[in-house]
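S.K.:
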Amino acid sequence: MSVNEKENLSIALNEASERIHILERSTKEQDTKYQMTVQTLDRLERENGTLSERLESFDSQRSGASSGDHANHSSLLQEMCGEDESMMMVGGGGAGGAGVPASVKDEATLLLYKEAQSVYRQLKTLCQTLRSTHHDDDSGLHSDMSFSSMDNTSSSAPQSVDAGPNAGANSMLGGGSLRPSGGGLGPNNGQDKFVRGMLSSAADELVHIIMNMDAMQFKTMFEQTRAMLIDQEDELKKKTELIRALESKISGQDIELQSAIEERNQARDDASHSSLAQDETVVQARADRDAAIERRTKAEVELAKNRVELMQANSQLLEAIQQKVELLQQLEQWQIDMHELIEEQMKNKLSNETSTKGQNQSQSSSQQAAGSAQSSSGGSSAGNRKSRLLDLFYHR
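First residue of the sequence shown? That's 1 in full-length UniProt numbering, and the numbers climb one at a time after it.
(1) Taking the C-alpha atoms as reference points, what is the distance between E29 and I20?
(2) Could you give the C-beta distance for L23 and K249, rounded to a whole number, given that I count them as a contact under 8 Å?
(3) Would the beta-carbon of L257 fall within 9 Å of that of K33?
(4) Just to confirm before moving on: does the CB-CB distance between T225 and L41 stay below 9 Å?
(5) Rounded to the nearest angstrom, what separates I261 and I243 at their Cα positions?
(6) So, are the CB atoms of A202 and Y120 less than 9 Å apart?
(7) With distances taken between CB atoms, is the gap from L51 to Q253 smaller than 9 Å?
(8) Note down, in chain order, each residue of its chain lying with its Cβ closer than 6 Å to the Cβ of M88, except the 5 sequence neighbours on either side.
(9) Please tell me whether L229 and T27 are closer than 9 Å, where the distance is taken between their beta carbons.
(10) Determine the contact status of E205 and L123, defining contact as a CB-CB distance below 9 Å.
(11) Hey, A16 and L236: beta-carbon distance below 9 Å or not?
(12) Measuring straight from C-alpha to C-alpha, what distance separates A320 and A299?
(13) Can you give me the C-alpha to C-alpha distance between L328 and W334, rounded to a whole angstrom?
(14) Roughly how many angstroms separate the alpha carbons of D290 and E326, rounded to a whole number?
(15) Roughly how many angstroms separate the alpha carbons of P315 and E309, rounded to a whole number?
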């Protein structure tokens with residue numbers, strides 16, 4: 001087996017081990033999520049039990065209140081009948097006998113009536129609130145808030161009754177039924193009469209609404225949790241199958257790696273036992289090494305020579321460029337001097353021709369003298385330019 005195959009096998013083995021670690025971490029995460037889901041289910045079950053206990057306690061309180069109401073009502077009727085008989089016996093049915101007896105104004109009876117009305121209003125308000133929030137996810141929170149508000153208002157109801165103990169003196173009539181006064185009590189400001197059985201019916205309605213809401217909410221949460229658990233189980237199965245496939249692949253690669261190691265060890269043993277072949281191999285390797293070193297030395301020497309020659313060529317090229325620039329400058333200066341010399345000669349010729357054509361002999365003589373002076377000066381300047389051009393030519 002070649003070295004490339006061994007490297008490929010080792011790389012594949014490392015990748016497989018990394019994938020296994022990743023799958024193990026994901027499995028641990030899935031287990032953690034599963035434990036959290038189980039804890040959530042337990043918490044929901046405990047909350048359901050708490051709500052059930054609260055509903056049972058509320059139902060027992062409602063039944064106790066209804067029984068107390070019936071007992072008070074029966075005693076109240078008996079007291080009313082006794083007072084009627086006594087008043088009929090004493091007063092003989094006077095003008096005051098047509099009114100309500102004086103015992104109806106008892107403070108305890110008014111307190112009980114006010115408290116019953118307050119509980120009824122709270123129950124109706126709570127039922128309306130629960131119906132309005134039937135499709136809300138936080139229905140349990142609303143119900144808890146409603147229960148707490150109901151407790152607070154029920155505890156504060158006696159204080160409001162104590163503030164006006166004679167406010168409902170005319171609220172109790174004959175026939176054994178309780179009716180609210182026209183002072184705005186009740187949910188509809190006195191339009192709905194508060195009679196026997198309304199409190200128990202409102203409590204039954206509240207219990208029914210709460211049970212329906214809690215049952216629907218817990219059913220939905222249970223279905224969601226079950227679907228999530230099924231999905232997690234499917235993912236775990238897939239990852240388990242992938243782990244098994246990777247383990248089988250790793251086992252095959254381990255076998256191939258062991259065979260490669262055995263072949264390598266065998267080759268080493270063969271090389272160690274054949275000393276003659278080892279000596280020839282070492283001699284050949286040394287010869288190849290010496291030849292390579294010699295070639296490298298020659299190449300380095302040639303490279304150094306080439307660098308020196310390149311530097312010399314660069315310096316010569318720079319000198320030639322400088323000389324060329326100087327020659328161009330000198331040529332330009334020489335051309336300028338030639339133009340100036342030609343212009344001077346032409347001017348001298350023109351001045352000589354004009355001087356010979358004078359009108360008078362005196363003017364001609366003076367002009368000739370001036371012309372000779374100019375020619376001498378021009379000749380001297382021309383001689384200077386000629387000498388400078390000759391120097392430039394000899395310098396080149």
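Just so it is clear, CB atoms sit at the ideal spot from N, CA and C, and this is done for glycine as well.
M.R.: Checking against the coordinates, here is how it stands:
(1) 14 Å
(2) With a beta-carbon spacing of about 13 Å, L23 and K249 fall beyond the 8 Å limit used to define contacts.
(3) Judged by their CB atoms, L257 and K33 are not nearer to each other than the 9 Å cut-off.
(4) Result yes, Cβ atoms of T225 and L41 sit closer than 9 Å.
(5) Across the structure, I261 and I243 are spaced so that their CA atoms are roughly 26 Å apart.
(6) yes
(7) no
(8) In this predicted model, M88 has a pLDDT of only 41, less than 50, meaning its place in the structure is not dependable enough to derive any value.
(9) Against a cut-off of 9 Å, the Cβ pair of T27 and L229 comes out as no contact.
(10) yes
(11) Contact flag unset, no.
(12) 31 Å
(13) 10 Å
(14) 54 Å
(15) Per the sequence shown, residue 315 should be read as Ser rather than Pro. One C-alpha to the other measures close to 10 Å.
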